[in-house]
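Chains as they are written, first to last, in the UniProt record's numbering: chain A, 1 to 303; chain B, 1 to 131.
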């Protein structure tokens, strides 16, 4: 018999004996010691000078009796441990682990597909509408196609926030125009759009006068109360004009004050609030334009 | 029909009817807006100087019955001349709200509640500067 093996076997035996007397039984701790190894140790002990284990059993008279006692003691110490149970336990653990891993992968994949189909979870802003242009004719959502648009909802009798925001919008467009070489051109560049939420007082002549103050390209839109209401709903804009307001009344309109950036497909890109500066708006517009062009631009989008 | 634009004078322009055809109640032009904001800032500045919180309080008696004789009378007159009534109501209300907000921030800061002060500072005050 290999002496090295016998030493390591008896070492593991005494370790096992110690563990048995001090620790609760654990199938894993004993899995390393095979029954045949134990038998070897016991057989060997009678002939070797190795120190006796902490709790030496009485000198066994017969080999079968030793085996029987060992088995009984093992069962008493380890509890209902069997190799079948250990294998079942490990198989169940591995099975559960693999199941959860595959479920996790499936969930991640589903989420990824949802995101890509919903264009990164963007809010549904925009949709079909028909309003009147300040310079004659209709304006529908189709007129947004092929160009970038900044849209602000407001009213011409607005005390301060609308003119400030519209000035900011005009300023941002000038910055973008200068960067893209479209400054001063009437038929190119980002289109500034002003949509009135005050149909009672904001007549076409009034809006015509108003939009000229902010940008030469600015297009002003208005319609009857229902058309304005429908458009605002499409764009998730709140406004408080009473339906029966008269043109001669002196009132203010409470309304949402952010403006939108829409891409050449007329799809929502971003919203800007009061805290955003003209430079920040311009930067965002230029950045969106670059991404758009990198992805193939209007040609790829079919507009 | 021609609509003039961009050249309306800053002086009282309700009479410049050529630009306002087809408009029952013309909205103020850029110049008119600016004039209104300037008058408003002068009036509010005067109220600040005289420790008047609520616009309009300066023309009443104070709590002790002592008469405060129309401080800021001139500024108020100009303000009412340059701004429409709905705008005046709005600006006055916003000034009160802004003062209240500032008072809350100051109180929070005095009591060492920096988080509360910052939270109130983050609330849009409406930017009373008006440009």
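For every residue, glycine included, the Cβ atom is placed at its ideal position computed from N, Cα and C.
- Task: Look at residue 196 of chain A and residue 222 of chain A and say whether their C-beta atoms are less than 7 Å apart.
- Result: yes
- Message: Between residue 150 of chain A and residue 259 of chain A, how many whole angstroms is the CB-CB distance? I'm expecting something under 8 Å.
- Response: 6 Å
- Unbroken alpha helix (DSSP H) runs of length 4 or more, entirely within the region 23 to 50 of chain B: which are they? 30 to 49
- Backbone secondary structure at residue 228 of chain A - three-state DSSP: Correct three-state label for residue 228 of chain A: helix.
- Inter-stretch contact (C-beta, 8 Å, three-pair minimum) for the region 184 to 196 of chain A and the region 204 to 220 of chain A: yes
- Can you tell me where the alpha helix (DSSP H) with residue 186 of chain A in it begins and where it stops? First-last for residue 186 of chain A: undefined, no H or E at that position.
- Query: Using a Cβ-Cβ cut-off of 8 Å (strictly less than) and excluding sequence neighbours within five positions of residue 121 of chain B, which residues of its own chain qualify?
  - Reply: 105
- Return helix, strand or coil for residue 94 of chain B, following the three-state DSSP convention. helix
- Query: Does any residue of chain A bring its CB to less than 7 Å from the CB of residue 87 of chain B?
  - Reply: yes
- Determine the burial state of residue 29 of chain B: buried for a count of at least 16 other Cβ atoms within 10 Å of its Cβ, exposed for fewer. buried
- Rounded to whole angstroms, what's the CA-CA distance from residue 96 of chain A to residue 104 of chain A? Just pull it up for me. 12 Å
- Query: Which ranges would you report for the alpha helix (DSSP H) in the region 106 to 181 of chain A if only whole runs of at least 4 residues count?
  - Reply: Those alpha helix (DSSP H) runs which fall completely within the region 106 to 181 of chain A and span 4+ residues are 161 to 180.
- Determine, using beta-carbon pairs with one atom in the region 40 to 59 of chain B and one in the region 78 to 91 of chain B, whether at least three such pairs fall under 8 Å. Yes: the two stretches touch, three or more of their Cβ pairs being nearer than 8 Å.
- Task: Give the straight-line distance between the Cα atoms of residue 92 of chain B and residue 123 of chain B, rounded to the nearest whole angstrom.
- Result: Taking the straight line from one Cα to the other gives about 19 Å.
- Can you list, in chain order, the residues of the region 240 to 254 of chain A whose Cβ is nearer than 9 Å to any Cβ on chain B? Per Cβ criterion, the list reads 246, 247, 248, 249, 250, 251 and 252.
- Nearest CA to the CA of residue 98 of chain B: which residue from B:50, B:109 and B:54? B:54
- Message: Tell me the rounded alpha-carbon separation between residue 299 of chain A and residue 94 of chain A.
- Response: Rounded to whole angstroms, residue 299 of chain A to residue 94 of chain A spans 52 Å at the Cα level.
- Item | Per-residue contacts from residue 157 of chain A into chain B (C-beta, under 7 Å) | 27
- Message: Could you compute how far the alpha carbon of residue 175 of chain A sits from the alpha carbon of residue 50 of chain B?
- Response: 43 Å
- Message: In the DSSP output, what is residue 255 of chain A paired with across the bridge?
- Response: DSSP lists A:239 as partners of residue 255 of chain A.
- Message: Residues of the region 263 to 285 of chain A in Cβ contact with chain B at a cutoff of 7 Å, in chain order, please.
- Response: 274
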